[in-house]
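Protein chains in written order, with the numbering used here: chain A, 13 to 550; chain B, 29 to 353.
By construction, the Cβ of each residue, glycine as well, lies at the ideal position given by its N, Cα and C atoms.
All figures in this text were calculated on a predicted structure; none of them were measured in a lab.
Below: one structure, written as structure tokens.
As structure tokens, this is what we get:
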């Protein structure tokens, strides 16, 4: 009985979260585009110059991101592995921080840093103007994504290096290979796989990105697919079949890359080898510090400075200093504080609900077979579905004439969207957790007459608890920063932190948005830190 | 788990059924919509849900929600956008004669709804970021001169209600000369990055020198914060754009919606309009002193109902030829 309920619940969850929006997209993309009587929007794309421009924009931006992120991540991983600076954990934490800052915020910060009266020019008197041309271009957009994703490349390469067998290197050297040849034979093969995986991941994430191009592409005079989809959905005159068709193309790109990516990371569960600790050197701090400066310190300082300024053009001077934006956020009627609270509430709800559903799904996946494989596939599919496409799918599904459930226009729709976006991460944590439980414990419980539900609650949950908490914090953090689905689905009467920051940057008081960014960055860092501490203490 | 989901659904149903709540969709300035809503709540005890965006997005959302309408009252930035909604049969006529009588002259335009305020568009420049030796221009058409190459931004008329109204009036006035000017403007490196604020931002930060057809309230707000921003009203003239506040036919509680419109049009509501850097529509409520006095700049005359009919075709051509979309 419980087993049947488990199955049905998982089908229901995956059906609502994943299949419904994707199905709606496919159906809509097969309708004629606006302005056409007949035909299929998907096929009409082929002759649409705007679509082709956007496609080349997306490919260009993602290509640049790979081009920048791989060398940076590679260099950082090599330095930290072979010639680490002192206080390695400290530097490692600094390298990882850019991944915690939402990319749209990095882009906002950098657009305030560059330019003839930007902050760089104000402080050092040069460089700002020449950087401006770079930032507002495909390469600049790629760079913003690269700054955000380099930590990911670093983690993948670092894992590959740690998993490599240092004895292979010693063996090669003993048998007379030169240092270079030994590196090529002993280390490069694993490293190349990791590089390819990292490249694909960066490509996939960048082509799906909405916030960075939404902020920069207009000034660069280029277009990308994600912003075209948003425009065709959100700007009058609306063309939903066209939006769906472009969305399907973007999705197909994501799925293709993802299928290339999956086999590359499946087999790297090697053992971490013991090796003599590398000697630390002082000079490796320099390149690492440059990355930390560009990826973390400068953007955070820019956000901080603007949040304390009265008028942007007046620049950094004492008479221009104000606490007004923080007062505003914390004042009673402030929509900024309400947005922060809403984000916290929805993200917490999604973290709990998401991990519970993921645990149910992980149980089916663990049992294997065709159903297990299908559940795994559907559960991880949202990795490859860009947020903007998901949002269009959800509008089509929840706002359809026949759909009478009052989900569209209700805050709960944001929770549904976040749950979909974060499901792959929740599922991965739940699966890792379950994999650590020896099956004989559950068998023992069942043999002694406990129901499946009781075994789950009495054995699984306590044992996988650390993984559930870890997964929940990741789901929470991802929900807090989600931008595009929030923008497109947010009902009247509410804002979340990302839409407040974006909205104030685009159409309001930048200082207020930046003040909430500062509060948001520190409060989520605090929450993540506390959760991690609680986790480690167990 | 299941109970949780049922509870969630129940939650949704419960709050959807909740009455005496008014839903307001509004274009910028967002602070106006929010303060109007907050003061109305304080006065009547009824709750107002606000969603703010740009005119183009408000229009798209209304179209998208045609099956399940959510909004009751709509405030947009362009008069023609309101006329367009009326033409689609979405507007519940509400324009009581006693309020119409109290309107300032340029706001007396006949329509099935009321204007809550007025605004202009102008050229805007950052005096600290002008090209070397450049003087402020006095004609729209000067912006295609080589000294302004890569120095100008403009709001996207597909998003901005005032920009779309101005574009239509401008094309109506100058015909092919206007289209030639627009494509030269584009060839001169002008960008249309999005809303008025999106276009004004690079001007404030000095990445660009000036902006074409910038909405008044955004420029005045930037000036009031102490930025080095000046508005230039060209010799050809600008237009005075009434901003509609309208009730949708689908609104379940028309009484409540009318109350809200009445409040927006009352002296108290109009003071908030003035506070948000717009010209109040009601006589006797003064605009902010920092704003250019009505009559101190040249205004082109506009036939709004004709313009509303022409606007879709003009916007479509602009989207294709100038934005390349």
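Residue i: CB within 6 Å of a non-hydrogen atom of the ligand PLP
| i | result |
| --- | --- |
| residue 365 of chain A | You won't find the ligand PLP in this model; it holds no ligand whatsoever. |
CB contact flag (residue i, residue j, <7 Å)
| i | j | result |
| --- | --- | --- |
| residue 398 of chain A | residue 244 of chain A | no |
| residue 129 of chain A | residue 319 of chain A | no |
| residue 572 of chain A | residue 435 of chain A | A query on residue 572 of chain A cannot be resolved here, the shown segment of chain A reaching from 13 to 550 and no further. |
| residue 52 of chain B | residue 86 of chain B | no |
| residue 118 of chain A | residue 159 of chain A | yes |
| residue 267 of chain B | residue 154 of chain B | no |
| residue 137 of chain B | residue 332 of chain B | yes |
| residue 147 of chain B | residue 225 of chain B | no |
| residue 261 of chain B | residue 171 of chain B | no |
| residue 118 of chain B | residue 277 of chain B | yes |
| residue 179 of chain B | residue 236 of chain B | yes |
| residue 53 of chain A | residue 253 of chain A | yes |
| residue 512 of chain A | residue 348 of chain A | yes |
Proximity test, Cβ basis, 7 Å: residue i and chain A
| i | result |
| --- | --- |
| residue 87 of chain B | yes |
| residue 54 of chain B | no |
| residue 91 of chain B | yes |
| residue 142 of chain B | no |
| residue 26 of chain B | Because chain B spans 29 through 353 in this model, residue 26 of chain B falls outside it and cannot be assessed. |
| residue 44 of chain B | Only weak support is given to the placement of residue 44 of chain B: the predicted model assigns it a pLDDT of 45, under 50, and the question is left unresolved by the model. |
| residue 79 of chain B | yes |
| residue 225 of chain B | yes |
| residue 233 of chain B | yes |
| residue 334 of chain B | no |
| residue 253 of chain B | yes |
Interface flag, residue i vs chain B, CB-CB below 7 Å
| i | result |
| --- | --- |
| residue 385 of chain A | no |
| residue 234 of chain A | no |
| residue 246 of chain A | yes |
| residue 38 of chain A | no |
| residue 519 of chain A | yes |
| residue 324 of chain A | yes |
| residue 459 of chain A | no |
| residue 363 of chain A | no |
| residue 48 of chain A | no |
| residue 413 of chain A | yes |
Rounded C-alpha distance that separates residue i from residue j
| i | j | result |
| --- | --- | --- |
| residue 425 of chain A | residue 539 of chain A | 24 Å |
| residue 322 of chain A | residue 498 of chain A | 29 Å |
| residue 280 of chain A | residue 175 of chain A | Since pLDDT at residue 280 of chain A reaches only 49, below the 50 mark, its modelled position is unreliable, and the value read off the structure follows with that caveat. Taking the straight line from one Cα to the other gives about 8 Å. |
| residue 409 of chain A | residue 400 of chain A | 14 Å |
| residue 552 of chain A | residue 234 of chain A | Chain A is shown from 13 up to 550; residue 552 of chain A falls before or after that span and cannot be answered. |
| residue 145 of chain B | residue 60 of chain A | 40 Å |
| residue 311 of chain B | residue 108 of chain B | 23 Å |
| residue 116 of chain B | residue 100 of chain B | 16 Å |
| residue 198 of chain A | residue 90 of chain A | 15 Å |
| residue 396 of chain A | residue 70 of chain A | 15 Å |
| residue 222 of chain B | residue 297 of chain B | 29 Å |
| residue 465 of chain A | residue 472 of chain A | 10 Å |
| residue 210 of chain B | residue 501 of chain A | 34 Å |
| residue 190 of chain A | residue 98 of chain A | 29 Å |
Identity of the residues DSSP links to residue i by a beta bridge
| i | result |
| --- | --- |
| residue 272 of chain B | B/143 |
| residue 77 of chain B | B/51 |
| residue 153 of chain B | B/238, B/258 |
| residue 180 of chain B | B/238 |
| residue 222 of chain B | B/183 |
| residue 101 of chain B | B/52, B/275 |
Cutoff 8 Å; reference residue i; Cβ partners in own chain excluding five residues on either side
| i | result |
| --- | --- |
| residue 312 of chain A | 113, 121, 533 |
| residue 378 of chain A | 384, 443, 446, 447 |
| residue 419 of chain A | 410, 425, 428 |
| residue 139 of chain A | 132, 133 |
| residue 215 of chain A | 74, 75, 77, 78, 269 |
Other residues of its chain near residue i: CB distance less than 7 Å, five sequence neighbours each side excluded
| i | result |
| --- | --- |
| residue 32 of chain A | 409 |
| residue 175 of chain B | 159, 162 |
| residue 209 of chain A | 168, 273, 276, 277 |
| residue 120 of chain B | 275, 276, 277, 279, 282 |
| residue 22 of chain A | 372, 373, 376, 387 |
Cutoff 6 Å; reference residue i; Cβ partners in own chain excluding five residues on either side
| i | result |
| --- | --- |
| residue 375 of chain A | none |
Amino acids of chain E, ordered along the chain, whose beta-carbon sits closer than 7 Å to that of residue i
| i | result |
| --- | --- |
| residue 221 of chain B | Here the protein chains are A and B, and chain E is not one of them. |
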